[in-house]
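In the working numbering, the protein residues as written are 13 to 334. Backbone N, C-alpha and C define an ideal beta-carbon position, used for all residues, glycine too. Keep in mind that this is a model prediction, so the values were computed, not measured.
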Ligand SMILES: [Zn+2]
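And the structure:
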């Protein structure tokens, strides 16, 4: 195990330099104007923390530590100045680790953490966590839960009520089979702000659009829902093309409209399917027909609105804690 993580050490001097540039960026360089780009979905992990479960040596290149210095060069290449880091382990400890990492990393504007929604004390835990201004959302790992009806369990209602009454976003890590259940949650909690991760992972590999297409449309008819334009390439064949992704992206655009789609890299998972830069370039091609302001909204403005990260200046947070 040790040997396998050690061989992943590959940070070059140049990458550390880029990271240093972020650390010493001036407030004007990090201006939160309407053109500010946000990667609204990526992860960091440190294998030795040991609570990831799904992350095993079988995942090859993903079975490495991925930390801020590894992400910084990608952000710099695409003029992305802020990010939202998303949980990857179903533990409170990982959420604390991400909040600490975010505090030390000026480009991270928010954390989507994890809480056990079914636990009797969930509302108290959520209230406690949300006292940290860097926490912007919560994500149970619905796709990994054996019971497809878990979202409908009445024991989750207090957690959803607490989210509904707060500014926190519910990040829905769902598969197509969960969409009808998610729709029920949205109907029960009409003020809940929902971000569907990865377009609910449609069947791109099988080139199948139904019944995903109608279920996405039903969810998108609720105004508090948004959808992440992320994670699609890992649902496609390894030799994916833009043409293969286009029907899914076009449908998400038609259903949610350009004001409710938010771009995310899903780095480092995206490394399994061509990598960060290829997905970013494909996104630009897929959104070519939009106006510049619609496209930049998807690449940043919509995420700022959803997660409220216009109110969070990482530089201020860093100085508060240093
Ligand atoms: Zn992810």
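Contact belief for residue i with residue j at Cβ below 8 Å, rounded distance in angstroms
i: residue 267; j: residue 228; result: 5 Å
i: residue 140; j: residue 66; result: About 26 Å; that fails the 8 Å criterion.
i: residue 146; j: residue 114; result: 5 Å
i: residue 216; j: residue 273; result: Not really, about 17 Å apart at Cβ, beyond 8 Å.
i: residue 134; j: residue 171; result: 4 Å
i: residue 136; j: residue 181; result: 20 Å between Cβ atoms; not a contact.
i: residue 103; j: residue 63; result: 5 Å
Residues that DSSP places opposite residue i in a beta bridge
i: residue 182; result: 150, 206
i: residue 275; result: 241
i: residue 249; result: DSSP lists no partner for residue 249.
i: residue 51; result: 95
i: residue 215; result: 220
i: residue 57; result: 78
Counted within 10 angstroms of its Cβ, other Cβ atoms place residue i as buried (16 or more) or exposed
i: residue 93; result: buried
i: residue 277; result: buried
i: residue 48; result: buried
i: residue 125; result: buried
i: residue 250; result: exposed
i: residue 73; result: exposed
i: residue 51; result: buried
i: residue 309; result: buried
i: residue 246; result: buried
i: residue 71; result: exposed
i: residue 165; result: exposed
i: residue 132; result: exposed
i: residue 214; result: buried
i: residue 95; result: buried
i: residue 33; result: Confidence at residue 33 is low in this model, with a pLDDT of 42, below 50, so its placement is unreliable and the value that follows should be read with caution. Counting Cβ neighbours within 10 Å, residue 33 comes out exposed, since fewer than 16 surround it.
i: residue 316; result: buried
i: residue 159; result: exposed
i: residue 314; result: buried
i: residue 183; result: buried
i: residue 122; result: buried
i: residue 269; result: exposed
i: residue 280; result: buried
i: residue 40; result: In this prediction, residue 40 has a pLDDT of 33, which is less than 50 and means its spatial position is unreliable; what the coordinates show is noted afterwards. Exposed: under 16 other Cβ atoms inside 10 Å.
i: residue 248; result: buried
i: residue 36; result: Any reading at residue 36 must be qualified, since the residue scores a pLDDT of 36, below 50, and its modelled position is unreliable; no value is offered.
i: residue 91; result: exposed
First through last residue of the beta strand (DSSP E) which encompasses residue i
i: residue 287; result: Where residue 287 is concerned, there is no enclosing beta strand (DSSP E), given that its DSSP letter is neither H nor E.
i: residue 263; result: From DSSP, residue 263 is part of no beta strand (DSSP E) but of the alpha helix (DSSP H) over 254-268.
i: residue 10; result: Residue coverage of the chain in this structure runs from 13 to 334, which leaves residue 10 outside it and unanswerable.
Unbroken alpha helix (DSSP H) run spanning residue i, endpoints
i: residue 172; result: 169-176
i: residue 190; result: First-last for residue 190: undefined, no H or E at that position.
i: residue 82; result: 80-89
i: residue 319; result: 314-319
i: residue 134; result: 134-141
i: residue 100; result: From DSSP, residue 100 is part of no alpha helix (DSSP H); its letter is neither H nor E.
i: residue 307; result: 304-308
Below-8 Å beta-carbon distance, residue i vs any chain C residue
i: residue 169; result: Of the chains in the structure shown, none is chain C; there is only one protein chain.
At a cut of 8 Å, does the stretch 49-64 reach the stretch 77-86 through at least three beta carbon pairs?
yes
When the Cβ atoms of the stretch 195-202 are set against those of the stretch 233-245, are three or more pairs found closer than 8 Å?
yes
Should the stretch 94-110 be called in touch with the stretch 300-310, which here means at least 3 C-beta pairs below 8 Å?
no
I want to know whether the stretch 209-218 touches the stretch 238-246 - three or more CB-CB distances under 8 Å.
yes
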